[in-house]
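Enquirer: Structure provided below as structure tokens; questions to follow.
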Amino acid sequence: MADHATATFWYVLPSLPMFLLISVLLRRGLDFWPALGIGCAMTMLLYACMAALLRMRGINL
């Protein structure tokens, strides 16, 4: 359970900016599906960066 809680913490952090980005894109007139796609792509990039950074620090998820 401790490993699950720790992994959840590290995986939530890179997903939070997606909600801000989608909100900004929608307010600027972008349709929902493209905004969601861009938000998801950014989240995947941030997940990859977070995983690489954690691996460099010796944390394996």
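First residue of the sequence shown: 35, per our numbering; consecutive thereafter. A virtual CB, placed ideally from N, CA and C, is assigned to each residue, including glycine.
For Ile56, which residues in the same chain have their Cβ closer than 7 Å to its Cβ, ignoring the five residues on either side in sequence?
Expert: Ala69, Leu70 and Gly73, listed in sequence order.
Enquirer: Does the distance from the CB of Pro51 to the CB of Met84 come in under 8 Å?
Expert: Contact flag unset, no.
Enquirer: Within the same chain, show all residues whose beta-carbon is closer than 7 Å to that of Leu80, passing over the 5 residues directly before and after it, in chain order.
Expert: For Leu80, where only same-chain residues beyond five positions count, the Cβ hits under 7 Å are Pro48 and Pro51.
Enquirer: Can you grab the Cα-Cα spacing for the pair Phe43 / Gly63, in whole Å?
Expert: Distance between the alpha carbons of Phe43 and Gly63: 32 Å.
Enquirer: Can you give the beta carbon distance from Leu95 to Leu87, rounded, assuming they're within the 8 Å contact cut?
Expert: So it is not a contact: roughly 11 Å between Cβ atoms.
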